[in-house]
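Undergrad:
Numbering (my numbering), first residue to last: 1 to 303.
1) Put residue 320 into one of helix, strand or coil per three-state DSSP.
2) Going by DSSP, what residue range makes up the beta strand (DSSP E) through residue 65?
3) DSSP puts residue 7 in a beta bridge; with which residues?
4) Give me the residue from 264, 215, 148 with the minimum Cα distance to residue 135.
5) Looking only at DSSP bridge pairs, what is residue 129 linked to?
6) Does DSSP put residue 191 in a helix, in a strand, or in coil?
7) Between the alpha carbons of residue 261 and residue 267, how many angstroms are there, rounded?
8) Out of 11, 14, 13, 18, which has the shortest C-alpha to C-alpha gap to residue 228?
9) Of the choices 271, 188, 33, 106, whose alpha-carbon is the least far from that of residue 208?
10) Span of the alpha helix (DSSP H) holding residue 261?
11) According to DSSP, is residue 167 helix, strand or coil?
12) Helix, strand or coil for residue 244 per DSSP?
13) For residue 119 and residue 169, which I take to be in contact (beta-carbon distance under 8 Å), what is that distance rounded to the nearest angstrom?
14) Mind checking which residues open and close the alpha helix (DSSP H) that includes residue 142?
15) Distance, Cα to Cα, residue 253 vs residue 233?
16) In chain order, what residues of the same chain lie with their CB nearer than 8 Å to the CB of residue 6, ignoring the 5 residues before and after it?
17) Rounding to the nearest angstrom, what Cα-Cα distance links residue 46 and residue 185 in this structure?
18) Are the Cβ atoms of residue 247 and residue 220 separated by less than 9 Å?
19) Candidates 146, 88, 30: which alpha carbon is nearest residue 105's?
Okay, here's the thing in structure tokens:
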């Protein structure tokens, strides 16, 4: 029997990070099941992708320009995403607009462009990279978390309707991911002045949140390749799941949000851990990092 035709997979934000890792993983599929359209906003940044793609470039992987913030760019045809960290009082209108324009309206534009043909052929799969911050708000990540909550609501609503057309929607929900994108965000906020923020809030941000954030990334942070592997599994699944958290270490933290219908348990627990029990919080992260360290796992794995 002839092999089935390759599935066309459009991947956004392929200049770096998760998007790059996913595009290359799919293009290198041993069975050549996918034709990858790897897109990015700025084609001058295509170098790392071309190098990583190797012999797949021009074969199972093609590079195209796509700006998810532009209606015309979407019609012509990043995991496009924009982060924002810091006290809410200092966030300007244009900064907030930029986050929502990419993280929310970017998803919306692509869905609007792709859904008509998916519905007509009664086949398709939309995979959106969300975040654990779309399920659990995180202090000083108010705007970013709000954008991901919006994406979760959009996709959950769409998923119900689209099953009638045999079109699937999947949310992939990473926790911290160690990418150049994340590193730049933290570097920027460390140098920012945050005008309009009161001194006490600014002290909490610099002296409590930032050190805790670094430790969380050290403890829970995944590589782009790990997240790409989870996304590829979702794409290849015969019955794609709606939600796929990529980091099991986050499960106990997310459980707090749903354990109490009023929501007080999660909010108060995180407030106490971060602001009242700082030393215990840092110690527990250090212990968890040691227990989950790969080198430790190698030592105790039977031969």
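By construction, the Cβ of each residue, glycine as well, lies at the ideal position given by its N, Cα and C atoms.
TA: In terms of the structure at hand:
1) Residue numbering for the chain in the displayed model covers 1 to 303; residue 320 lies beyond these limits and cannot be assessed.
2) 61-65
3) 34
4) 148
5) 172
6) helix
7) 12 Å
8) 18
9) 271
10) Run containing residue 261: none; DSSP gives neither H nor E here.
11) strand
12) strand
13) No, residue 119 and residue 169 are not in contact; Cβ-Cβ is about 13 Å, not under 8 Å.
14) 142-162
15) 24 Å
16) 32, 33, 34, 35, 60
17) 21 Å
18) yes
19) 146
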